[in-house]
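One structure is given here, and the rest of the page talks about it.
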Amino acid sequence: METGVTVVGSGQVSTAPDVLRVSLSVEHVAPDVAAAVAQVGERTDAVIAALREQGVAQSDIGTTTVNVYQEYREPGAAPAYRGAHQLTVTTKDLTGFGALLNAAVAAAGNNLGLQSLQFDVQEKSALLTRARELAFEQARDKATELAALAGFSLGSVTAITETHGQAPRFEAQAAGAKLAFDSAVNVVPGDQTVEVSLEVHFSWGA
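For our numbering, add 307 to where a residue sits in the sequence shown, where the first one is 1.
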């Protein structure tokens with residue numbers, strides 16, 4: 308059995324976000340599958356065109372989900388089919404959420420749904436590097452303290468396991484919302500926090 312001490316250190320780094328991701332849905336109900344598919348496609352194209360007119364690049368608009376399914380109706384009622392597309396829109400204009408949403412609502416009306424919006428940091432490499440440094444420093448300090456309490460000196464590192472995640476400070480959920488917002492709506496980004504945890508095993512020193 309390997310001797311030594313295993314500790315966990317964590318490091319957190321926070322910074323202001325630089326991108327906003329908005330998830331929108333476009334839906335349409337029709338009496339047959341073909342009409343549902345065609346009409347939801349038309350409305351989705353209209354939403355994309357409206358977003359492009361607001362300055363969003365084509366590469367920053369992506370389709371994430373496409374669904375077509377039969378809706379439940381009471382026995383004897385005419386069948387109906389719902390077509391649905393979900394779009395993710397990425398923008399660096401952190402204050403332009405209201406204008407984007409109003410443009411999409413104007414294009415699709417009550418067929419538009421706001422699913423969520425989330426602020427994020429596009430490039431996290433430097434944040435992760437600093438968080439790792441802080442996590443390792445904390446792990447080493449813990450191991451040094453434990454070794455001294457046990458009457459040992461601290462040896463070399465024999466194993467490291469890393470986990471990391473991001474903790475956004477702001478995320479709004481509005482599933483199924485079909486509303487227009489004032490173009491000056493005040494959405495506050497807050498900071499984004501990147502966290503790294505390291506499990507480090509140190510051997511005992513000679």
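By construction, the Cβ of each residue, glycine as well, lies at the ideal position given by its N, Cα and C atoms. This structure is a prediction, so every number in the text was calculated from the model and none was measured.
DSSP places Asp427 in the strand class (E or B) of the three-state scheme.
Annotation: Gln365 to Ser332 spans about 17 Å, alpha carbon to alpha carbon.
With a cut-off of 8 Å on Cβ pairs, the stretch 313 to 320 is not in contact with the stretch 390 to 407, counting fewer than three such pairs.
Note: Glu349 is not bridge-paired with any residue in the DSSP secondary-structure output. Between the alpha carbons of Gln429 and Ala385 lies a gap of roughly 48 Å.
For Val396, the number of other beta carbons within 10 angstroms of its own is at least 16, and it is reported as buried. Distance from the Cα of Asp498 is smallest, within the candidate group Glu309, Thr310, Leu327 and Gly311, for Leu327.
The stretch 439 to 454 makes no contact with the stretch 349 to 364; the number of CB pairs closer than 8 Å stays below 3. Here DSSP, grouped into helix, strand and coil, assigns Thr451 to helix. The alpha carbon of Leu505 has as its nearest neighbour, out of Arg439, Val495 and Ala455, the alpha carbon of Arg439. Here Val373 is exposed: its Cβ has fewer than 16 other Cβ atoms, across all protein chains shown, within 10 Å. When the beta-carbon positions are compared, Gly362 and Val375 stay at least 8 Å from each other.
Counting along the chain, Phe404 sits inside the alpha helix (DSSP H) bounded by residues Phe404 to Ala415. Residues Ala353, Val354 and Ala357 of the same chain have their beta carbon placed closer than 6 Å to that of Ala414, with the five preceding and five following residues left out of the count.
With respect to the 8 Å criterion, Ser330 and Gln422 are classified as neighbours on the basis of their beta carbons. Excluding sequence positions up to five before and after Arg437, its CB lies within less than 6 Å of the CB of Val320, all in the same chain and listed in chain order.
Checking the DSSP bridge columns, you'll see Thr370 partnered with Leu394. Ala323 counts as exposed, since fewer than 16 other C-beta atoms from the protein chains shown sit within 10 angstroms of its C-beta.
Here the C-alpha atom of Thr370 lies approximately 29 Å from the C-alpha atom of Leu434.
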